[in-house]
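Student: Quick one: this structure, given as structure tokens, is what I'll be asking you about.
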Amino acid sequence: MTGEDELEALRQAMPPTAPSNASLDWDQFGRSWGKEFPSDYCRFIDVYGYGSIERYLAVLKPEPEGTVTENSDMANETEVAREAWSWVRKAPELAEARPELIAWGGDASADLLCWDGSDEDPDRWPVLVYNRDDGLWRRYDCGMVQFLVRVLRGDFDECPLGDLSLWGR
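As structure tokens, then:
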């Protein structure tokens with residue numbers, strides 16, 4: 033499935049209810065983090081903006097790396113994720129992994145949704161989820177939009193999140 037197909041699948045599963053609340057200079061944003069961001073994330077933000085999905089999952093506000101805010105947005109949650117990686121259990125396939133975590137979301141169950149930004153091609157960044165219910169980091173070999181589509185369709189072996197609010201909706 034191409035990025036456009038994935039976004040269209042998401043639009044069908046979760047139609048936008050308002051115009052995007054974000055207008056970003058993606059080049060400047062990427063420079064602040066020292067890397068480009070996945071094209072599916074950029075398209076998602078351009079269509080939906082940042083904020084809450086069904087008052088459960090939050091897609092974090094894109095902000096330059098090093099930004100300090102009162103809110104739990106991308107820069108703050110990335111720091112939380114990087115700290116959590118150092119002491120939280122990991123699925124066996126991640127035991128020796130040293131990902132370059134960048135948070136893109138979180139939820140009401142206090143789960144962390146991140147990318148492993150280690151690959152030079154941001155469109156190949158997998159999603160890493162720290163599910164606080166089972167206290168474990170897991171890897172999902174898909175991008176952010178495909179991850180959301182698969183959660184909404186109930187298309188993983190089990191729900192990767194700590195609550196079933198969006199699962200198979």
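Quick note: the sequence shown uses my numbering, first residue 33, plus one each step. Virtual Cβ for every residue (Gly too), placed ideally from N, Cα, C. Predicted model, so just to flag it, every value in this text is computed and none were measured.
(1) Aspartate 72 and glycine 175: beta carbons closer than 7 Å?
(2) Going by DSSP, what residues sit across from valine 91 in a beta bridge?
(3) Does the distance from the C-beta atom of serine 141 to that of aspartate 57 stay below 7 Å?
(4) Tell me the DSSP secondary structure of arginine 130 in three-state form.
(5) Could you compute how far the alpha carbon of proline 70 sits from the alpha carbon of aspartate 155?
(6) What is the DSSP secondary structure of aspartate 18, reduced to helix, strand or coil?
(7) When the Cα of leucine 146 is compared with those of Arg201, Arg87 and Asp173, which residue comes out closest?
(8) Please classify threonine 49: is it buried, with 16 or more other beta-carbons within 10 angstroms of its beta-carbon, or exposed?
(9) Just to confirm, are glutamate 109 and glycine 83 a CB contact at a threshold of 7 Å?
(10) Taking 7 Å as the threshold (beta carbon to beta carbon), is tyrosine 162 in contact with chain C?
(11) Output the boundary residues of the alpha helix (DSSP H) element that contains asparagine 163.
(12) By Cβ distance, which residues of its chain are closer than 7 Å to aspartate 105, with the 5 residues on each side in sequence left out?
(13) I need the straight-line Cα distance from tryptophan 169 to tryptophan 117, nearest angstrom please.
Tutor: Reading from the atomic positions:
(1) Taking the first residue of the sequence shown as 1, we reach residue 72 at position 40. Taking the first residue of the sequence shown as 1, we reach residue 175 at position 143. Yes, they are a contact pair.
(2) Looking up residue 91 in the sequence shown gives position 59. Gly83 and Gly137.
(3) As a working note, residue 141 is residue 109 in the sequence shown. As a working note, residue 57 is residue 25 in the sequence shown. Here serine 141 is not near aspartate 57, since their CB atoms are 7 Å or more apart.
(4) Stepping through the sequence shown from its first residue, residue 130 is reached at position 98. Of the three classes helix, strand and coil, the one that applies to arginine 130 here is coil, per DSSP.
(5) If you number the sequence shown from 1, residue 70 lands on position 38. If you number the sequence shown from 1, residue 155 lands on position 123. Going by the C-alpha atoms only, they are around 5 Å apart.
(6) Nothing can be reported for residue 18, as the shown portion of the chain is limited to 33 through 201.
(7) Locating residue 146 in the sequence shown gives position 114, where the first residue counts as 1. Here the sequence assigns cysteine to residue 146, which means leucine is not the residue at that position. Closest option to cysteine 146, Cα to Cα, is Asp173.
(8) Position 17 of the sequence shown holds residue 49. Answer is exposed; the Cβ neighbour count stays below 16.
(9) What you label residue 109 is simply residue 77 of the sequence shown in a count that begins at 1. What you label residue 83 is simply residue 51 of the sequence shown in a count that begins at 1. Cβ distance not < 7 Å, so glutamate 109 and glycine 83 don't count as in contact.
(10) No chain C is part of this structure, which consists of one protein chain only.
(11) On the sequence shown, residue 163 is found 131 positions in, with the first residue counted as 1. Per DSSP, asparagine 163 lies in no alpha helix (DSSP H); the unbroken beta strand (DSSP E) holding it starts and ends at 159 to 163.
(12) Within the sequence shown, residue 105 is the residue found at index 73, counting from 1. Shown here for aspartate 105: same chain residues with a beta carbon closer than 7 Å to its own, the five before and five after excluded, namely Leu92, Lys93 and Glu95 in chain order.
(13) To locate residue 169, count along the sequence shown from 1; it is residue 137. To locate residue 117, count along the sequence shown from 1; it is residue 85. Whole-angstrom Cα-Cα distance: 8 Å.
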